[in-house]
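Protein chains in written order, with this note's numbering: chain H, 191 to 372; chain G, 258 to 713. Don't be surprised by glycine CBs; every beta carbon is placed ideally from N, CA and C.
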Amino acid sequence: MHEHGKEPALYGLMAEFEEAGALVKAARHAHEAGYRHLDAYSPVPIEEIYEAIDLHQNEVPLTALIGGITGCLTGFFLQYWVSVIAYPINVGGRPFNSWPAFIPVTFELTILFAALTTALGMLALNGLPQPYHPVFNVPGFERATTDRFFLCIESKDAKFDREGTRAFLESLRPREVTDVVP
Amino acid sequence: MAAVAVAGPPPVIGPGHDFESVGQAISEIVLTRKTPLGWVAGFGLAFTLMMVFLTAATYLFLKGVGIWGINIPVAWGFAIVNFVWWIGIGHAGTLISAILLLLHQKWRMSISRFAEAMTLFAVACAGLFPLMHMGRPWLFYWMFPYPNEMTVWPQFRSPLVWDVFAVSTYATVSLVFWYVGLIPDVATLRDRAKTNVGRKFFGTLALGWRGSARHWFRYETASLLLAGLATPLVVSVHTVVSFDFAVAIVPGWHTTIFPPYFVAGAIYSGFAMVLCLAIPLRAAYGLQDFVTMWHLDVMAKVMLATGLILAYGYGCEVFYSWYSADTFERYMMWNRMFGPYASAYWALIATNIVIPQLLWFKKTRQNIPLLFFVALVVNVGMWLERYVIVVTSLHRDFLVSSWGRYAPTMWDWATFVGTIGLFLSLFFLFIRFLPMISIVEMRTLLPQSQVKEELP
Numbered sequence: 191m192h193e194h195g196k197e198p199a200l201y202g203l204m205a206e207f208e209e210a211g212a213l214v215k216a217a218r219h220a221h222e223a224g225y226r227h228l229d230a231y232s233p234v235p236i237e238e239i240y241e242a243i244d245l246h247q248n249e250v251p252l253t254a255l256i257g258g259i260t261g262c263l264t265g266f267f268l269q270y271w272v273s274v275i276a277y278p279i280n281v282g283g284r285p286f287n288s289w290p291a292f293i294p295v296t297f298e299l300t301i302l303f304a305a306l307t308t309a310l311g312m313l314a315l316n317g318l319p320q321p322y323h324p325v326f327n328v329p330g331f332e333r334a335t336t337d338r339f340f341l342c343i344e345s346k347d348a349k350f351d352r353e354g355t356r357a358f359l360e361s362l363r364p365r366e367v368t369d370v371v372p
Numbered sequence: 258m259a260a261v262a263v264a265g266p267p268p269v270i271g272p273g274h275d276f277e278s279v280g281q282a283i284s285e286i287v288l289t290r291k292t293p294l295g296w297v298a299g300f301g302l303a304f305t306l307m308m309v310f311l312t313a314a315t316y317l318f319l320k321g322v323g324i325w326g327i328n329i330p331v332a333w334g335f336a337i338v339n340f341v342w343w344i345g346i347g348h349a350g351t352l353i354s355a356i357l358l359l360l361h362q363k364w365r366m367s368i369s370r371f372a373e374a375m376t377l378f379a380v381a382c383a384g385l386f387p388l389m390h391m392g393r394p395w396l397f398y399w400m401f402p403y404p405n406e407m408t409v410w411p412q413f414r415s416p417l418v419w420d421v422f423a424v425s426t427y428a429t430v431s432l433v434f435w436y437v438g439l440i441p442d443v444a445t446l447r448d449r450a451k452t453n454v455g456r457k458f459f460g461t462l463a464l465g466w467r468g469s470a471r472h473w474f475r476y477e478t479a480s481l482l483l484a485g486l487a488t489p490l491v492v493s494v495h496t497v498v499s500f501d502f503a504v505a506i507v508p509g510w511h512t513t514i515f516p517p518y519f520v521a522g523a524i525y526s527g528f529a530m531v532l533c534l535a536i537p538l539r540a541a542y543g544l545q546d547f548v549t550m551w552h553l554d555v556m557a558k559v560m561l562a563t564g565l566i567l568a569y570g571y572g573c574e575v576f577y578s579w580y581s582a583d584t585f586e587r588y589m590m591w592n593r594m595f596g597p598y599a600s601a602y603w604a605l606i607a608t609n610i611v612i613p614q615l616l617w618f619k620k621t622r623q624n625i626p627l628l629f630f631v632a633l634v635v636n637v638g639m640w641l642e643r644y645v646i647v648v649t650s651l652h653r654d655f656l657v658s659s660w661g662r663y664a665p666t667m668w669d670w671a672t673f674v675g676t677i678g679l680f681l682s683l684f685f686l687f688i689r690f691l692p693m694i695s696i697v698e699m700r701t702l703l704p705q706s707q708v709k710e711e712l713p
């Protein structure tokens, strides 16, 4: 991007495809060509793309696990503290720490915390909510939620070069290659 | 690309659809089609019933629970019957969207969205009853553990406190699961909306979703995890509800069969309600391509199976009360079958066990009006079940001197019918303003979403 300092900065270049298969192929080629800052946009999740752009693991399961453990400990020790320390009352001669009776609430809070961290963690890791994003400037991008498939190579990629990358994308035989203005 | 129906021997989506036509068929109901007269009439009726609820609740808050038929010994009455009924109905939504997702049942896709919505609204109705039953509903927050000036804390050995946690967790997780599922769909609606208001409304809900592969990757993981978390949750919720009964020593309640048989009953009534909603919806909005005869058939079979588990549960109850050799247990069962509430018990057997046996026949499952009728009958039956459990056990317990009778008052009925109005009002608003079938999930059923492996 540095060679073209006079032109307005670009977020990237976007190629539009008509089929999921074409997008997967293009993404694979782009990754093989050494592009790393790239993203695909599709109306449905496509597993093959993850493979193509080298997505193998994400942090959502770990987030869920941390949430679950936090919920479990919170649930149990809340009940322990309430029933043994803060407000010990004798109910039918049961021990203050009636741990079997504390299981249901411990379980519910484990699920509650894990589910909330899963959902919120997924959104946070995805950077959502994000009201504005440059890709929405691409004409026809609204069809990314209907029946078009897009591949974007971002300008922050080390290999990005306005002409070269455009030529590369054209070689993948898309419908169209568009500049993505930030 | 030729658009041919795929996925499994019986088609789960009608022939001739592609990404565009699926998006069009589902989103036009919200975006472009004129609001049908039937919707206006239906919503009007539901709204009227909701006003009945508002009246009943207002009068209740003015006068107290004395306006209901409850008294000692039957202190639970309609409030608890309706609570258990509504929360049971909710269970099918979670079952369809979570358990069947984990089991890779593709037919769940077209019914999961509105079944989940049904769950949310049913849980909302359910939650109202314990609150109103409290006597001093404005102090409901005393149920939660929070530092207060009385230095009093909840008693965590009580199933009623477990219930607070189970139901509030269930409501929250169902809402989160439902909303996460909606995000890509409202993004579709945002992009298809013709009006500025529509774009803003759906754009806000979509949180800026743009279908990025990196997002989809985390999104799919999160969906699976949420399904995995909701699965034990849904089982636990009705288990805890059954503990409200089973932990007590009241005759007829104190049995270990309660948790599994409550869960089976919950799924049974939930599927009955899904059918009651799906049959009119597919006819009114022409969604026969998405909710096919095969869907109705499968749901009828799930109902039949859970109904049989329930029948086994009823059999066990009778057997236990005899086998316990306990005077009070035996008397309770005799009283349930031949006492003052015998008609309710036999009506329950007829509606929950006998009539649904019609579902064994393919002819019944393919006959839409008859199927609708059976589903309605099961909903009535499941309500009767809770009525019988609550009332027959409480009204004659250990001491003859404390026996009594229970009859609902007009206000009991008004509150119950009113929550049906609340449920339907919310449901009518949902089908008008949000996509009632998951567009993304329906699209994944199409060949267009499949990547043909070809040589590079």
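Rounded to the nearest angstrom, how far is the Cβ of residue i from that of residue j, given a contact under 8 Å?
i      : j      : result
H/L228 : H/I243 : 6 Å
H/V371 : H/A205 : 16 Å between Cβ atoms; not a contact.
G/Q412 : H/V281 : 7 Å
G/V443 : G/A470 : Contact doesn't hold; Cβ gap of about 19 Å is too wide.
G/W296 : G/R539 : That belief does not hold up - the Cβ atoms of G/W296 and G/R539 are roughly 15 Å apart, past 8 Å.
H/P233 : G/W419 : About 43 Å separates the two Cβ atoms, so there is no contact after all.
H/Q320 : G/G465 : 4 Å
Can you find the residues in the same chain that come closer than 8 Å, C-beta to C-beta, to residue i, ignoring five residues on each side of it along the sequence?
i      : result
H/M274 : Residue identity check: residue 274 of chain H is Val in the sequence provided, not Met. Only F286, N287 meet the Cβ criterion.
H/V250 : T308, G311, M312, L315
H/F292 : G265, F266, Q269, Y270, S273
G/P394 : F318, L388
G/G321 : G392
G/V433 : L483
H/R363 : A212
Excluding the five sequence neighbours on either side, which residues of its own chain have a C-beta within less than 6 Å of the C-beta of residue i, listed in chain order?
i      : result
G/V261 : Note on G/V261: pLDDT 46, under 50, position unreliable in the model; no value is reported.
G/P516 : T496, S499
G/T640 : Per the sequence presented here, residue 640 of chain G reads as Trp, with Thr not at that position. Contacts found: W342.
G/E698 : M366
H/T253 : T307, G311
G/F528 : A349, M556, V559, M560
G/V421 : M400
Could you tell me which residues DSSP puts in a beta bridge with residue i?
i      : result
G/S733 : Because chain G is modelled from 258 through 713, residue 733 of chain G falls outside the range shown and cannot be assessed.
H/V390 : Chain H is shown only over 191 to 372; residue 390 of chain H falls outside these bounds and no answer can be derived.
H/Q236 : It is Ile, not Gln, that sits at residue 236 of chain H in the sequence shown. Beta-bridge pairing links H/I236 to no other residue.
H/E344 : H/G202
H/F339 : H/F207
Residues in its own chain within less than 7 Å of residue i by CB, not counting five upstream and five downstream?
i      : result
H/E360 : V367
H/V214 : I236, E238, I239, A242
H/A220 : L228, L341, I343
G/G638 : L605, T608, N609
G/C382 : W343, T676, L679, F680
message: So if I threshold CB-CB distances at 7 Å, which residues from the stretch 666 to 684 of chain G count as touching chain H?
response: none
message: At a CB distance below 9 Å, what residues from the stretch 444 to 457 of chain G approach chain H? Give them in sequence order.
response: A444, T445, L446, R447, D448, R449
query: Would you call the stretch 416 to 430 of chain G and the stretch 298 to 307 of chain H touching, i.e. three or more CB-CB distances under 8 Å?
result: yes
field: Residues of the stretch 465 to 486 of chain G whose Cβ lies closer than 8 Å to any Cβ of chain H, in chain order
entry: G465, W466, R467, G468, S469, A470, R471, H472, W473, F474, R475, Y476, E477, T478, A479, L482, L483, L486
- request: Determine contact between the stretch 383 to 403 of chain G and the stretch 504 to 512 of chain G, defined as no fewer than three beta-carbon pairs at a distance below 8 Å.
  value: no
message: Short of 8 Å Cβ to Cβ, which residues in the stretch 384 to 411 of chain G face chain H?
response: P402, T408, V409, W410, P411
field: Stretch-stretch touch, CB-based, cutoff 8 Å, three pairs: the stretch 593 to 603 of chain G with the stretch 639 to 648 of chain G
entry: yes
task: Taking only beta carbons into account, state which residues of the stretch 276 to 302 of chain H come closer than 8 Å to chain G, listed in chain order.
output: A276, Y277, I279, V281, R284, S288, A291, F292, P294, V295, F297, E298, L299, I301, L302
task: Could you please tell me which residues of the stretch 218 to 235 of chain H, in chain order, have their CB closer than 8 Å to any CB of chain G?
output: R218, H219, D229, A230, Y231, S232, P233, V234, P235
query: Are three or more beta carbon pairs between the stretch 350 to 358 of chain G and the stretch 646 to 666 of chain G nearer than 8 Å?
result: no
field: Cβ contact (3+ pairs, closer than 8 Å) linking the stretch 531 to 546 of chain G and the stretch 471 to 486 of chain G
entry: no
- prompt: Can you list, in chain order, the residues of the stretch 336 to 350 of chain H whose Cβ is nearer than 7 Å to any Cβ on chain G?
  reply: T336, D337
- request: Could you tell me whether the stretch 482 to 491 of chain G touches the stretch 624 to 636 of chain G, where touching means 3 or more Cβ pairs closer than 8 Å?
  value: no
field: Residues of the stretch 494 to 513 of chain G with Cβ closer than 7 Å to any Cβ of chain H, in chain order
entry: V497
query: Looking at chain G, which residues of the stretch 248 to 259 of chain H have a Cβ within less than 7 Å of any of its Cβ atoms?
result: N248, V250, P251, A254
message: Short of 7 Å Cβ to Cβ, which residues in the stretch 596 to 623 of chain G face chain H?
response: none
message: For the structure I just gave you, are there three or more beta carbon pairs, one from the stretch 300 to 309 of chain G and one from the stretch 666 to 683 of chain G, closer than 8 Å?
response: yes
task: Please name the residues in the stretch 516 to 531 of chain G whose beta-carbon is closer than 9 Å to at least one beta-carbon of chain H, in chain order.
output: none
task: State whether the stretch 564 to 582 of chain G contacts the stretch 610 to 622 of chain G, with contact taken as three or more CB pairs (one from each stretch) at a distance under 8 Å.
output: yes
- prompt: Which residues, in order along the stretch 271 to 286 of chain G, keep a beta-carbon less than 8 Å from a beta-carbon of chain H?
  reply: D275, F276, E277, G280
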